[in-house]
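Notes to accompany the following structure.
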Amino acid sequence: MAELKSLSLFFFIFFIIFTLLTTTSESRLTKDYYSKSCPRFFDIIRDTISNKQITTPTTAAATIRLFFHDCFSNGCDASILISSTAFNTAERDSSINLSLPGDGFDVIVRAKTALELACPITVSCSDIITVATRDLLITVGGPYYDVYLGRRDSRISKSSLLTDLLPLPSTPISRIINQFESKGFTIQEMVALSGAHSIGFSHCKEFVNRVARNNTGYNPRFAVALKQACSNYPKDPTLSVFNDIMTPNKFDNMYYQNIPKGLGLLESDHGLYSDPRTRSFVDLYARDQDLFFKDFAKAMQKLSLYGVKTGRRGEIRRRCDAIN
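Below, the structure written as structure tokens:
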């Protein structure tokens, strides 16, 4: 009986050690995660995003926004890509995500298709979003940062889980600060990540009501121009304006230079300068583009690691828009 107990204890300890080792090995993200299982991983993504960006220059901004909406809500798990079914309304069909440009979704689908041909059921959609975002940022002049790989994709995507998790263009800056701090991001990191508005556009519906009011922080001439650009908005809700009217297709620090001049587009942009907790960082990044690039890269890398799923906590989807 004693020998049986000893044997049972041995197997129990062995099982615990094996489980811990397995969990550790599966949970480790590395920069060369696909070096053996999919050697052309980086090349395939670069080829895909380059071709897409050349034909559709709005792809970079669309993908960066897609990345943020995926990661900031419930972690970087590609749940934003899953399509709704008759039995479930997915994240991408929640009200806050309906304005996400289709080019972001399209470039991820293209990359996934190419990778499935080269390395079937090997590369996660969440890793594709993360690398595609970094590489597209570089194509428009943004900074490089290392990306760690080995994420798994979520098996769940529910619109109901997004309540109050993502900042709206009209969200007060104090609320946005709280949202970022609740996820472990500092005020300075929040201001740095706001620099993503250096490229891309916003639909008139996201700011037209604020422009219609007087004395809301807009440069008077800019306000007149916005009213004219959005004059047909009720009939055409697709009308939009560049977030940065000075260098709309170049990732730089002009966004921060615009804000103090009343050239910010969204209420959240104006809030960055009206709140003393964030104003100093706006001024700092307006003066020093190198520092902005450095801080933006660090914040993006940190965001890319937020809430990731590894090992058995997720899956590698065959298609990014459907759970296996």
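Mapping of the sequence shown onto mature numbering (1 follows the signal peptide of the UniProt record, and there is no 0): residues -27 to -1, 1 to 297, in sequence order. We put the beta carbon where it would ideally sit given N, CA and C, even for glycine.
- By DSSP's assignment, Lys282 forms a beta bridge with Arg125.
- Counting along the chain, Ser175 sits inside no alpha helix (DSSP H); it lies in the beta strand (DSSP E) bounded by residues Phe174 to His176.
- Residue environment analysis places Phe60 among the exposed positions, since fewer than 16 neighbouring C-beta atoms fall within 10 angstroms of its C-beta.
- Inclusion of Phe224 and Leu110 in the CB contact set at 8 Å is warranted, their separation being smaller than that value.
- Residues of the same chain with a CB within less than 6 Å of the CB of Leu199, apart from the 5 flanking positions on each side, are Val184 in chain order.
- The beta carbon of Ser213 sits closer than 7 Å to the beta carbons of Phe174, Ser175, His176 and Cys177 from its chain, once the five residues preceding and following it are set aside; these are given in chain order.
- Taking 4 residues as the shortest admissible run, the region 12 to 53 contains the following complete alpha helix (DSSP H) segments, listed from N- to C-terminal end: 14 to 28 and 32 to 47.
- In the DSSP annotation of this structure, the continuous segment of the beta strand (DSSP E) that includes Val214 starts and ends at Ser213 to Phe215.
- Taking 8 Å as the upper bound for CB-CB distance, Ile296 and Ile94 are not in contact here, some 14 Å apart.
- Per the coordinates, the alpha-carbon of Tyr191 lies some 10 Å from the alpha-carbon of Leu239.
- Taking the C-beta atoms as reference points, Ser132 is found no nearer than 8 Å to Asp43.
- By the C-beta criterion, the region 68 to 78 is judged to be in contact with the region 34 to 43, since at least 3 inter-stretch pairs fall below 8 Å.
- For Thr62, the secondary structure class from DSSP, reduced to helix, strand or coil, is coil.
- Thr3 is bridged by DSSP to Leu122.
- Its Cα nearest to that of Phe195, the residue Ile232 stands out among Ser23, Asn226, Ile232 and Ser127.
- Judged by DSSP secondary structure, Tyr206 falls outside any alpha helix (DSSP H); it is assigned neither H nor E.
- When the five nearest sequence neighbours on each side are left out, the beta carbons in the same chain lying within less than 8 Å of the beta carbon of Ala63 are those of Ser52, Ile55, Ser56, Ser57, Ser130, Lys131 and Ser132, in order along the chain.
- CA-to-CA, the gap between Tyr246 and Gly237 works out to about 10 Å.
- By the criterion of a C-beta distance shorter than 8 Å, Tyr117 is surrounded in its chain by Arg107, Ile111 and Ala270, once the five residues flanking it on both sides are discounted.
- From the listed residues Thr251, Asp16, Asp100 and Ser204, the smallest Cα separation to Leu2 is found for Asp100.
- Just so you know, the alpha carbons of Leu39 and Cys92 end up roughly 24 Å apart.
- Looking at Val96, Phe78, Thr144 and Lys234, the one whose alpha-carbon comes closest to that of Lys9 is Val96.
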